[in-house]
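At position 13 of the sequence shown the residue is numbered 13 (the UniProt record's numbering), and the sequence of numbers has no breaks.
Just below is one structure, and these are the notes that go with it.
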Amino acid sequence: MMKRNAHTDPMIGYAIFYLVFLYGPVLLLPLFSFNDSIFVAFPLKGFTFQWYVAMATNDALIQALTNSLKVGISASVISTILGILAAKAMTRYRLPGRGPVSGLILLPLVIPSIILGIALLVLALNVFKIEPSLYTIVAGHVLICVPFAMLVMMSRLEGFDRNLEEASADLGENGWQTFWRVTFPLAMPGIVASLLLCFTTSFDEFLLAFFLAGNEATLPLFIFSQLRLPNQLPSVLALGSCILGVSFLVVFLSERTRRVGLQRKPTATAEAAS
1 MMKRNAHTDP
11 MIGYAIFYLV
21 FLYGPVLLLP
31 LFSFNDSIFV
41 AFPLKGFTFQ
51 WYVAMATNDA
61 LIQALTNSLK
71 VGISASVIST
81 ILGILAAKAM
91 TRYRLPGRGP
101 VSGLILLPLV
111 IPSIILGIAL
121 LVLALNVFKI
131 EPSLYTIVAG
141 HVLICVPFAM
151 LVMMSRLEGF
161 DRNLEEASAD
171 LGENGWQTFW
181 RVTFPLAMPG
191 IVASLLLCFT
201 TSFDEFLLAF
211 FLAGNEATLP
221 LFIFSQLRLP
231 NQLPSVLALG
241 SCILGVSFLV
251 VFLSERTRRV
261 GLQRKPTATA
271 EAAS
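Structure representation (structure tokens):
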């Protein structure tokens, strides 16, 4: 027992140091967002909500937030649909060249975003003759979100019994009916997790949006432009605090959905089999 504790205590200390190092600076955002001063420094000058009021009445910020929501929702839905199709093909069929195709889909995960941004900008301007806009941002974000969606859905589709789909086919259901009545309900937690993951990835992405945005700024681009103005820094901190709270909520919902899916999985499997 003493030997085990001797090994455990340093790991606990390392875990505490890691959490403080990782989340300490992040937790300073809401602290300074309530500071009655434009300077980010201790001691705090007072408590105020004026930066949140200024943020809520900033038309440019609201427009950037609207653009990010449009891009995030579009990219997450399209990426999840493509991820479902790709995952089903990879897990249900013996496709020739399955390995290389899977590698090509996952390739955007290892290519630097700045290289992807330049390549997509050149492709849009010189090949497709399309001006940068929210549509080009959505296309770029779909490219980087599909690998995440496919990996999430592959882990989900590989986790339930394929005999259920075969039983559905034996009972006279076609492929489309089998998908909606058997596959889709069992894959729902993975679909929700994929939507949340793709949305947060798109909502938070900067480099591709920087190259592909044109005159329509997303929220990360707006924040970047405001950081060059010292008097706007408190409003940026207030905005960052709001985004931080939403991010924690999304992560909580995603994890809760995953756990509910794991708990319901045996029950759903038994019901489908019966």
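Don't be surprised by glycine CBs; every beta carbon is placed ideally from N, CA and C.
Here the structure is a predicted model, which is why all the values come from computation and not from measurement.
Would Thr57 be called buried (16 or more neighbouring beta carbons within 10 Å of its own) or exposed?
exposed
Cys242 and Ser76: beta carbons closer than 7 angstroms?
no
Nearest-angstrom beta carbon gap, Pro189 and residue 326 [assumed within contact, 8 angstroms]
Residue 326 lies beyond the residue range present for the chain, which begins at 1 and ends at 274; the question has no answer from this structure.
Under 8 angstroms, with one C-beta from each stretch per pair, do the region 33-49 and the region 112-130 reach the 3-pair mark?
no
Reference Leu106; option with closest CA among Phe32, Leu212, Gly83
Gly83
Enclosing alpha helix (DSSP H) for Pro220 [first to last residue]
219-226
Ignore the nearest five residues each way along the sequence and tell me which others in Ser74's own chain have a CB closer than 7 angstroms to its CB.
Val138
CB-CB under 7 angstroms to Lys88, same chain, minus the five flanking residues each way: which ones, in chain order?
Leu157
Please classify Ala273: is it buried, with 16 or more other beta-carbons within 10 angstroms of its beta-carbon, or exposed?
Because Ala273 sits at a pLDDT of 48, beneath the cut-off of 50, its placement in the model cannot be relied upon, and the point is left open.
Can you check the region 65-106 for any beta strand (DSSP E) of at least 3 residues that lies completely inside it and give the ranges in chain order?
none
Indicate whether Ala124 and Thr136 have their beta-carbon atoms separated by less than 7 angstroms.
yes
Given this structure, state the Cα-to-Cα distance separating Val71 from Ser202, to the nearest angstrom.
7 angstroms
What's the call for Pro147, buried or exposed, on a 16-neighbour Cβ count within 10 Å?
buried
Rounded C-alpha distance that separates Ser235 from Pro96
54 angstroms
For the alpha helix (DSSP H) containing Ser202, name the first residue and the last one.
184-204
Measuring only the C-alpha atoms, how far is Pro132 from Val110?
24 angstroms
Mind checking Met11: buried by the 16 CB within 10 Å criterion, or exposed?
exposed
Would Leu143 and Pro100 qualify as a contact pair, given that the criterion is a beta-carbon distance under 7 angstroms?
no
Are the beta-carbon atoms of Val250 and Thr200 separated by less than 7 angstroms?
yes
Contact under 7 angstroms by Cβ, Ala149 with Thr80
yes
Just how far apart, CA to CA, sit Phe21 and Leu28?
12 angstroms
Check whether chain D comes within 7 angstroms of Ser225, counting only Cβ atoms and requiring the distance to be less than that.
Judged by its chain identifiers, the structure shown contains no chain D, having just a single protein chain.
By the three-class DSSP mapping on this structure, what secondary structure does Asn35 have?
strand
Considering only the alpha carbon of each residue, which of Tyr52, Val152, Pro25 lies closest to Asp36?
Tyr52
On a Cα-Cα basis, can you pick out the residue from Tyr23, Ser33, Gln63 that is closest to Glu216?
Gln63
Pair within 7 angstroms by beta-carbon distance, Leu221 and Ala238
no
For Phe47: DSSP bridge partner residues:
Asn35
To which residues of the same chain is His141 closer than 7 angstroms at the C-beta, ignoring the five residues directly before and after it?
Val71, Ala75, Ser202, Glu205, Leu208
Run of the alpha helix (DSSP H) containing Ile144, from where it starts to where it stops
134-157
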